[in-house]
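Each number in the working numbering comes from the position in the sequence shown (counting from 1) with 1 added on. The next block holds one structure in the form of C-alpha cells; read it before the comments.
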Amino acid sequence: MNDFFAILDIEHIDLYPWTVLPPRSDEEKPFEAWVDIAAWCRAEAEDLWDDRELDRGPNGVDFVAGTLERCAQSFSPPGSDHWLFLHLDQPTDLPLPVCAAIGPASGPREETLRALTMADDPQAVEPPSSSASNPITWVKA
2 MNDFFAILDI
12 EHIDLYPWTV
22 LPPRSDEEKP
32 FEAWVDIAAW
42 CRAEAEDLWD
52 DRELDRGPNG
62 VDFVAGTLER
72 CAQSFSPPGS
82 DHWLFLHLDQ
92 PTDLPLPVCA
102 AIGPASGPRE
112 ETLRALTMAD
122 DPQAVEPPSS
132 SASNPITWVK
142 A
C-alpha cells in the first residue's frame with residue numbers, strides 16, 4: 002500500500018495566538034464546539050480578552066464573538082473535514098485563517114510531498130526548510 006497520512010502535531014507550536022476549530026464533517030455526532038457554535042465563539046472571545054488582559058469595553062466580547070462565528074461559518078461550512086486555525090495576536094485583529102485537512106495521500110511519497118508543499122514552485126519566496134521543528138509528520142497507513 003502506498004497511501005500515507007499526514008499527522009498534524011501541534012505539541013511544539015505556541016497556541017497562544019491561535020483559535021482552533023475542529024472539522025464540521027459529522028452532522029450526527031459533531032465536535033462539541035459545533036453543537037452551539039455561537040456559545041463556543043462567545044466563550045472563546047471572553048478567553049481571548051482575559052488572556053490578553055485588555056479592556057474589552059462595552060462591546061468587545063460581542064464584536065469578537067461575532068467575528069469568530071462568521072469565520073467559523075464561512076471557512077468551515079457543513080460537511081467540511083478540515084481543522085480551522087484562526088490566528089489572532091489581539092482580540093480585535095482580523096483573523097488569519099489556516100485550514101488543515103488530514104487524510105490519505107497516494108502516489109510516490111517524495112513526489113507527492115513535493116507537490117503538496119509546492120517545493121518546486123519557481124515563485125516560492127524561499128526554498129523549503131527541512132527543519133526538525135516541522136509540525137507535520139508523515140506515517141505509513
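Every residue, glycine too, gets a C-beta built ideally from N, C-alpha and C.
For threonine 113, the three-state secondary structure derived from DSSP is helix. For leucine 16, the three-state secondary structure derived from DSSP is coil.
Comparing alpha-carbon positions, the option among Ala106, Phe76, Leu114 lying closest to proline 24 turns out to be Phe76. Using a 10 angstroms sphere on the CB of proline 123, the tally of other CB atoms stays under 16, which defines it as exposed. By the criterion of a C-beta distance shorter than 7 Å, cysteine 42 is surrounded in its chain by Ala66, Leu69, Glu70, Ala73, once the five residues flanking it on both sides are discounted. Proximity to proline 79 across Glu29, Glu112, Asp48 peaks at Glu29, based on C-alpha coordinates. Judged by their CB atoms, leucine 55 and proline 92 are nearer to each other than the 9 Å cut-off.
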